[in-house]
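Novice: Sharing a structure below in structure tokens format, with a few things to ask.
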Amino acid sequence: AAAERPADYGAPCRSAKMQVLERVLPEWQAGGHRVLLFSQTRMTLDMLETLVAGTLGLSTRRMDGTTPIATRQRLLDEFN
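The C-terminal residue of the sequence shown carries number 1489 in my numbering, and the numbering is unbroken.
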């Protein structure tokens, strides 16, 4: 359960991959690049979203198994 998780659960300091993202995403944005991040779990997407939108303040679009089919094309159009 969430109550059992450490306070720094999902924090970049706990993951080398998140630390790399924390460094390169702002550089890529400054260069005009767009990024697609994929994950096999929604929990990992939650952590990525917290990093990208919350910590780094970058805009995001999220699509996972709970995204209504009617919404998916709009998200793709917004990205492209």
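Every residue, glycine too, gets a C-beta built ideally from N, C-alpha and C.
Give the range of the alpha helix (DSSP H) segment to which residue 1488 is assigned.
Specialist: Segment 1478-1488, the alpha helix (DSSP H) holding residue 1488.
Novice: Based on Cα-Cα distance, which residue from 1477, 1482 and 1466 lies nearest to residue 1438?
Specialist: The residue with the shortest Cα to Cα distance from residue 1438 is 1466.
Novice: Return the CA-CA distance between residue 1485 and residue 1469, expressed in angstroms with no decimal places.
Specialist: C-alpha separation (whole angstroms): 12 Å.
Novice: Label residue 1445 either buried or exposed according to how many other C-beta atoms from any shown protein chain fall within 10 Å of its C-beta, with 16 as the threshold for buried.
Specialist: Answer is exposed; the Cβ neighbour count stays below 16.
Novice: Where do the N-terminal and C-terminal ends of the alpha helix (DSSP H) with residue 1413 fall, by residue?
Specialist: Segment: none, residue 1413 is in no alpha helix (DSSP H) and carries neither H nor E.
Novice: On the three-state DSSP scale, how would you describe residue 1475?
Specialist: Coil, per DSSP.
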